[in-house]
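Written below as structure tokens is the structure these notes are about.
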Amino acid sequence: MKTKQKTVAVHAGSRLTGSKAVPVIPPIFPAAVNWFDSSDDLSDALDGKDYAYARISAPNAALLEEAVAALEGAEACVAYASGMAALRSLFDAQPWKAGDVLVMPTDGYGVTRALYKNLCARWGVELRPLDQTDPDAPARIREWRPRLVLAESISNPLLRVPDIRALAQACKDAGAVFAVDATFPSPYGQRALELGADYAVQSTSKWLNGHSDALGGTVSGSRARIDPLRSARILSGDVLGPFEAWLTLRGLRTLPVRMKAHNEHAAHVAKRLSDSPLLERVIYPGLSSHPDHAVAGRVLEGGFGPMVAFEIKGAGQKEGDRFLEALRVAKPGPSLGDVGTLVMHAASASARRMTPQERAQAGIRDSLIRVSVGLEDPDDVADDLLAAVAKGAGR
């Protein structure tokens, strides 16, 4: 019998081995160093069979890794100090040589693009942005034969939804490693490994934590793929602290319940916004007007995601600033995944590190607003957004 996500979220990562006592809430283990009665035990710990030094392994991070692996349907998981550290680890894990190709989404997260652009320049690797929702995208991957392909389950900030199964098959045909940043839907909304990905990446700072009080990132996959990442992390030191791991595991317990509500609220808010004459367009995978609506229905579970985006008619940076300042329920914030609604002007936040040319290529206009829909009453959120749009537009 396959255990459902709600049950996995509540119970996975609850018990450290070697003890008959199981606290209902795992304690925080702040010790950076542990000592042992025998040299043999210490030697075993330094080989990874126990907890010797927190840069090597630590109890709270191990519990979180166990829980995330269970949610992702993975054999193993490794946790990092941030989502960006997780993405950096994927680049470092590849045996790059000059002339290799890395593919990422044209409209992907601007900071990821800046990171990979910098690393590719250093290693002589060619970075090729690709519209991964284009029907010809799998053919391009087969033609280019990249070393690594990164996709986003729901792109940041334009909320495009690629066909992960089709991309995974193309990567397999091309001999490419396929990683999916599934932060936006979370494991509740998509288990990328089951769709053919080699790695599933999460910025745990977002929906997994759910309360905006801890940074973190994870990479999940087969044990054969994760073990080298874990060994490399020992040397890089990108470890997740015990308190951050504990907070994230605490938030993860309610992930399915929260995500169900976030998805339902986002769908309601998107419908309300779509009736406004002050908006150029409303972007939400659950709307029939979304270009990837049919694909989203196939590759997303439990709804169409907790994120909504829209463009204000005739708006630029000035109007966007007025809109943000007029919000009363929602809060201007450069992140997502909180219990409260967070709103940002895309060009000056998530796409801030992209050049104007890169933003234009991706279709990220100055009028674009991204909303992480929270757990407030969805009508209160919609009313607040619409009132702020009117004020920002000078109406």
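So the sequence shown is residues 873 to 1267, counted in my numbering.
The beta-carbon is built from N, C-alpha and C at its ideal position, and this holds for glycine as well.
- For Y988, the three-state secondary structure derived from DSSP is helix.
- Assignment of I1155 by DSSP, reduced to helix, strand and coil, places it in the strand class.
- The region 1178–1193 and the region 1239–1253 touch, with no fewer than 3 CB-CB distances between them shorter than 8 angstroms.
- DSSP places K969 outside both helix and strand once states are collapsed to three, so it counts as coil.
- Bridge pairing for T1090: A951 and Q1074 [DSSP].
- As computed with DSSP, R1224 is found in no beta bridge at all.
- When C-beta atoms of the region 951–963 are compared with those of the region 1112–1124, three or more pairs fall below 8 angstroms, so the two segments count as touching.
- Nearest to D1251 by C-alpha distance, out of N990, L962, G1174 and A1138, is A1138.
- In the displayed model, A1051 falls within a strand according to three-state DSSP.
- K878 and D1256 have their C-alpha atoms roughly 32 angstroms apart.
- Assigned with DSSP and collapsed to three states, F963 falls in helix.
- Under the three-state reduction of DSSP output, L1199 falls in the coil class, being neither helix nor strand.
- DSSP, read as helix, strand or coil, puts E1248 in coil.
- Collapsing the DSSP output to three states places P1001 in a strand.
- Contact annotation: the region 1083–1092 touches the region 1114–1128, with at least three C-beta pairs closer than 8 angstroms.
- Remark: C-beta atoms of I1013 and A1054 do not approach each other more closely than 8 angstroms.
- V905 counts as exposed, since fewer than 16 other beta carbons sit within 10 angstroms of its beta carbon.
- Under the DSSP assignment, V1180 falls outside any alpha helix (DSSP H), being part of the beta strand (DSSP E) whose first and last residues are M1179 to I1184.
- Note that the C-beta distance between V1253 and V1245 is below 8 angstroms.
- Listed in chain order, the non-local C-beta contacts of G1192 below 6 angstroms within the same chain comprise H1217, local neighbours out to five positions each way being set aside.
- Counting along the chain, no alpha helix (DSSP H) covers V1033, and no H or E run does either.
- Taking C-beta atoms as the reference points, V983 and R1019 fail to come closer than 8 angstroms.
- Residue P1010 holds the alpha-carbon nearest to the alpha-carbon of A1046 among A948, P1010, A924 and L1030.
- Annotated three-state conformation of I1236 is coil, per DSSP.
- DSSP places I1098 in the helix class (H, G or I) of the three-state scheme.
- Take the alpha-carbon of P1034 and the one of P1001: they are about 14 angstroms apart.
- In the displayed model, L1172 falls within coil according to three-state DSSP, outside both helix and strand.
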